[in-house]
Amino acid sequence: MEFDFDLENPFSGSDEQNIQLSKALFIGCTDSDEPSLLFSAESDHMSSLAVALDQLSTRCHALSLIVQAQFSNNLDPALAYLAVNYIDRFLAKREIPNEKPWIARLLAISCVSLASKMKKTSFSPADLQREEGFIFDARTIRRMELLVLGVLEWRMRSITPFSFLRFFTSYFPLANPIIIQSLKTHASQILFKSQNDVKSLEFKPSVIAAAALLAAARELFPAHFISFRTALLCCEYLNKESLAECCSAMESYDTTAGIEAASNGCDSGYSALTPVTVLDRHRAGLESEKTAGSASNG
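Here the sequence shown is numbered in the UniProt record's numbering, starting from 1 and rising by one per residue.
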């Protein structure tokens with residue numbers, strides 16, 4: 001399962017790839033220039049803030065491992081971003097016991113592995129297990145990958161804030177390609193950092209993208225900030241109140257949260273339960289839901 005997925009173009013790919021993605025998002029759709037499709041679909045790819053708050057400890061452990069990998073193994077920021085997106089979407093639908101941090105590590109490893117396959121990037125699970133209590137074998141990681149795929153309903157072509165950058169930069173008053181690329185690059189750095197803060201889960205990806213571009217424009221091109229903001233506020237797809245809240249929140253984001261978690265670590269302690277035991281329980285839960293759904297549809 002390797003697709004060379006592009007965060008900025010979630011619908012791109014050949015017909016052959018779309019056939020392989022028979023259970024993935026928007027089968028056969030390759031028109032990444034259709035904004036209405038993108039905006040109508042983003043809610044299906046959001047994480048629930050309320051659920052995420054109940055899973056803060058798990059999220060902390062998972063993110064700390066990924067951030068460490070970024071520093072020690074030069075993990076691609078885009079790959080890490082996609083992996084964290086999978087983690088957040090998974091935690092919004094599945095509860096993981098907070099007292100079992102090794103499960104968070106297994107989730108992190110599996111989501112990085114899935115993201116690497118989507119990005120066509122080589123990845124060795126050993127890079128994320130060098131100093132950990134449990135060493136997960138390939139079979140256990142594969143089983144966790146299948147669990148994640150099932151929970152996410154095979155929608156691995158995530159719609160993220162990056163998916164909206166190209167659309168919103170068309171509102172910028174300057175059309176110079178070099179300036180636009182500079183704006184996107186700076187906004188991308190803001191997005192990479194802001195993902196560490198759980199507050200970012202409160203907003204739609206499109207709103208986060210617009211807020212990041214506004215923040216980048218304020219820093220790089222202050223003379224054009226007002227006109228850019230005015231243009232974005234006229235966008236029919238954006239909620240003005242939500243954008244204002246996101247811009248305000250982005251100014252106060254603790255963008256070092258993930259780094260500090262990686263440096264200081266989260267609460268330690270390991271469960272006597274094995275990874276296989278917990279995976280079996282979660283998979284049983286998935287099968288129960290499928291059975292219940294089939295019964296209700298019959």
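From the three backbone atoms N, C-alpha and C, an ideal C-beta is built for every residue, glycine too. The structure presented is a predicted model; accordingly, all values stated were derived computationally and were not measured.
Would the region 154-163 count as touching the region 82-99 if we require 3 or more Cβ pairs under 8 Å?
Touching, yes, given that three or more Cβ pairs across the two stretches are closer than 8 Å.
List the whole-angstrom C-beta distance separating residue 311 from Phe162, where the pair is believed to meet the contact cut-off of C-beta under 8 Å.
With the chain covering 1 to 298 only, the question about residue 311 has no answer from this structure.
If Arg89 and Leu128 are in contact, beta carbons under 8 Å, what's the gap, nearest whole angstrom?
Contact flag wrong, Cβ pair sits at about 20 Å.
Please return the same chain residues whose Cβ sits closer than 8 Å to the Cβ of Ile109, not counting the five positions on each side in sequence.
Exclusion of the five residues before and after Ile109 leaves Leu65, Pro125, Leu128, Gln129, Phe136, Ile141, Met144 as the residues of its chain whose Cβ lies within less than 8 Å of its Cβ.
Nearest by alpha-carbon distance to Arg218: which of Glu251, Glu95, Val198 is it?
That would be Glu251, whose Cα lies nearest to the Cα of Arg218.
In angstroms with no decimal places, state the Cα-to-Cα distance between Ala62 and Cys111.
One C-alpha to the other measures close to 10 Å.
Simplified DSSP state of Asp127, which is helix, strand or coil:
Of the three classes helix, strand and coil, the one that applies to Asp127 here is helix, per DSSP.
Continuous alpha helix (DSSP H) stretch holding Ala230: start and end
This sequence places Thr at residue 230; Ala is not what is there. It spans 225-233 - the alpha helix (DSSP H) in which Thr230 sits, taken as one unbroken run.
Quick check on DSSP: helix, strand or coil for Asn239?
Assignment of Asn239 by DSSP, reduced to helix, strand and coil, places it in the coil class.
Per-residue DSSP class, three states only, for Asp6
Strand.
Relative to the C-alpha of Thr160, which residue among Gln181, Leu201, Pro177 is closest?
Of the listed residues, the one whose Cα sits closest to Thr160 is Leu201.
Beta-carbon proximity of Lys204 to Glu42, cut-off 8 Å:
Yes, these two residues count as a Cβ contact at 8 Å.
With distances taken Cα to Cα, identify the nearest neighbour of Ser242 among His224, Ala209, Pro222, Ala223.
Per the Cα distances, Ala209.
Anyone know if the C-beta pair for Val148 and Leu56 falls short of 8 Å?
Result no, Cβ atoms of Val148 and Leu56 do not sit closer than 8 Å.
Restricting to Cα atoms, I'd like to know which of Ala211, Ala231, Leu165, Ser194 is closest to Asn9.
Comparing Cα-Cα distances from Asn9 to each of Ala211, Ala231, Leu165, Ser194, the minimum goes to Leu165.
By DSSP, does Ile135 sit in helix, in strand, or in coil?
Here Ile135 carries a coil assignment [DSSP, helix/strand/coil].
Tell me whether the beta-carbon of Leu187 lies closer than 8 Å to the beta-carbon of Ala231.
What sits at residue 187 in the sequence shown is Ala, not Leu. No, they are not a contact pair.
Pull up the CB-CB distance for Arg59 and Ile87, whole angstroms please, since I reckon it's below 8 Å.
About 7 Å separates the beta carbon of Arg59 from that of Ile87, a gap short enough to meet the 8 Å contact definition.
So for Ala175, helix, strand or coil by DSSP?
Correct three-state label for Ala175: coil.
Roughly how many angstroms lie between the CA atoms of Lys93 and Leu146, to the nearest whole one?
One Cα belongs to Lys93, the other to Leu146, and the distance between them is close to 15 Å.
If you draw a straight line from the C-alpha of Phe172 to the C-alpha of Ser227, how long is it?
Each residue's alpha carbon lies about 8 Å from the other.
What's the gap between the Cα of Gln70 and the Cα of Pro77?
Looking at the two C-alpha atoms, the distance is approximately 7 Å.
Tell me the DSSP secondary structure of Asn74 in three-state form.
Coil, per DSSP.
Please classify Leu190 as buried or exposed, where buried requires at least 16 other C-beta atoms within 10 Å of its C-beta.
The residue you asked about is not Leu; residue 190 is Ile in the sequence shown. Counting other Cβ atoms within 10 Å of its Cβ, Ile190 reaches 16 or more and is therefore classed as buried.
Please classify Lys199: does DSSP put it in a helix, a strand, or coil?
It is helical.
Boundaries of the alpha helix (DSSP H) in which Glu219 is found, first to last residue
Where Glu219 is concerned, the enclosing alpha helix (DSSP H) stretches over 205-220.
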